[in-house]
Amino acid sequence: MRIKRKIFTLILLGILALTGCREPIAPETSTTDTEATPNPETSTSNTEKINFADNQLYAVAYLGYEESEDLDYYKNKYLDGEVVPIHRFSGGEYYLIIPRFEGMSVCLYKNDLDTMGKTKVYESDSCTPFIIQCNISDIFSDVTVELVYQGEMAEFSPYISLKDGSVVVGDRGLDITKK
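Take any residue in the sequence shown, note its place counting from 1, add 10, and you have its number in this note's numbering.
Shown next, in the form of structure tokens:
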């Protein structure tokens, strides 16, 4: 029994040592799946089809739990079919996030329930639309999205309200979830 525990500990330490040596943070924290890497210079996002208010910096659509539903609908309506990367934080809800402006920067943080802190796991100076899978729990949002454009910052953690079932997207966001 002790030998198995030591072997498990060594394997775990080995994995931790290897994940600290690369730019994107460990796969168990956030992984990205893409069919192809989107090019921000040739991005065909059609954000003019989204009815943003003056202060809104992004749009969010809830895609489903454990399965991404209606993605084709959103890709055709707002993204002209472009490839959308997926950042996986935990098995749970899928959200499509569409930045309003080209040239926005994005940081994705993993929220820790035990410490109530957050750890940066992804950063890009040229944000394109992306999907996050997060929120395995109904009581704790395990991701924070930070978008910045010309000095204006918006930070939010998308989730489904336990009060009324609505999608909560933060003060600077627009919920475009298909009703």
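For each residue, glycine too, the CB sits at the ideal point set by N, CA and C.
- [ ] Check whether the segment 72-88 touches the segment 102-109, counting contact only when three or more Cβ pairs, one atom from each stretch, lie closer than 8 Å.
- [x] Judged by pairs of C-beta atoms under 8 Å, the segment 72-88 touches the segment 102-109, as three or more such pairs exist.
TODO: Just tell me which of Val158, Val177, Pro139 has its CA closest to the CA of Pro148.
DONE: By one-based count along the sequence shown, residue 148 stands at place 138. Checking the sequence, you will find Asp at residue 148 rather than Pro. Closest option to Asp148, Cα to Cα, is Val177.
- [ ] Look up Gln143 in the DSSP assignment and give the residues it is bridged to.
- [x] Locating residue 143 in the sequence shown gives position 133, counting from the first residue. Here Gln143 is bridged, per DSSP, to Arg98, Tyr104.
Task: Three CB pairs or more closer than 8 Å across the segment 144-164 and the segment 78-92 - done: Put simply, the segment 144-164 does not touch the segment 78-92. Fewer than three CB pairs are less than 8 Å apart.
Task: Whole-angstrom distance between Arg182 and Thr125, CA atom to CA atom - done: Taking the sequence shown and counting its residues from 1, the one referred to as residue 125 is at position 115. Taking the sequence shown and counting its residues from 1, the one referred to as residue 182 is at position 172. Take the alpha-carbon of Thr125 and the one of Arg182: they are about 27 Å apart.
Open item on the list: Please return the same chain residues whose Cβ sits closer than 6 Å to the Cβ of Ser171, not counting the five positions on each side in sequence.
Closed with: As a first step, residue 171 is located in the sequence shown; it is residue number 161 there, counting from the start. Annotation for Ser171: Val178 place their beta carbon closer than 6 Å to its own, counting only its chain and skipping 5 residues before and after.
TODO: Can you tell me the Cβ-Cβ gap for Pro109 and Leu157, rounded? I've got them flagged as a contact below 8 Å.
DONE: Here residue 109 is taken as the residue at index 99 of the sequence shown, counted from 1. Here residue 157 is taken as the residue at index 147 of the sequence shown, counted from 1. Indeed, because the Cβ distance is near 6 Å, the residues count as touching under 8 Å.
TODO: Determine the contact status of Phe3 and Cys144, defining contact as a CB-CB distance below 7 Å.
DONE: For residue 3 there is no data in the structure shown, the boundaries of the chain being 11 and 189.
- [ ] Taking only the alpha-carbon atoms, compute the straight-line gap between Met163 and Ile13 and give it to the nearest angstrom.
- [x] Position 153 of the sequence shown, counted from the first residue, corresponds to residue 163. Position 3 of the sequence shown, counted from the first residue, corresponds to residue 13. Approximately 50 Å, taken between the alpha carbons.
TODO: Use the C-beta contact count for Lys189: other C-beta atoms within 10 angstroms, 16 or more gives buried, fewer gives exposed.
DONE: Looking up residue 189 in the sequence shown gives position 179. When all chains shown are included, Lys189 counts as exposed.
Open item on the list: Taking 7 Å as the threshold (beta carbon to beta carbon), is Ile149 in contact with chain B?
Closed with: You won't find chain B in this structure, because it holds only one protein chain.
Task: Residue ranges of each beta strand (DSSP E) within the segment 114-184, 3 or longer - done: Taken in chain order, the whole beta strand (DSSP E) runs of length 3 or more contained in the segment 114-184 are 115-121, 128-134, 140-144, 153-159, 162-166.
Open item on the list: Less than 7 Å between the beta carbons of Lys130 and Asn121, yes or no?
Closed with: As a position in the sequence shown, residue 130 is number 120, starting the count at 1. As a position in the sequence shown, residue 121 is number 111, starting the count at 1. Going by C-beta atoms, Lys130 is not nearer than 7 Å to Asn121.
Task: Separation of Gln66 from Gly180, as counted between CA atoms - done: Along the sequence shown, one-based indexing puts residue 180 at 170. Along the sequence shown, one-based indexing puts residue 66 at 56. Their Cα atoms are separated by approximately 10 Å.
- [ ] With DSSP as the reference, label Ser40 as helix, strand or coil.
- [x] Position 30 of the sequence shown, counted from the first residue, corresponds to residue 40. Confidence in Ser40 is poor, its pLDDT being 45 and thus under 50, which makes the residue's placement unreliable; the coordinate value appears in the next sentence. Correct three-state label for Ser40: coil.
Open item on the list: Which residues does DSSP list as the beta-bridge partners of Ala63?
Closed with: Against the sequence shown, residue 63 aligns to sequence position 53. Partner(s): none; Ala63 has no beta bridge.
Task: Contacting residues, own chain, Cβ-Cβ under 6 Å from Lys85 (five flanking each side not counted) - done: Against the sequence shown, residue 85 aligns to sequence position 75. Here the set comprises Gly91.
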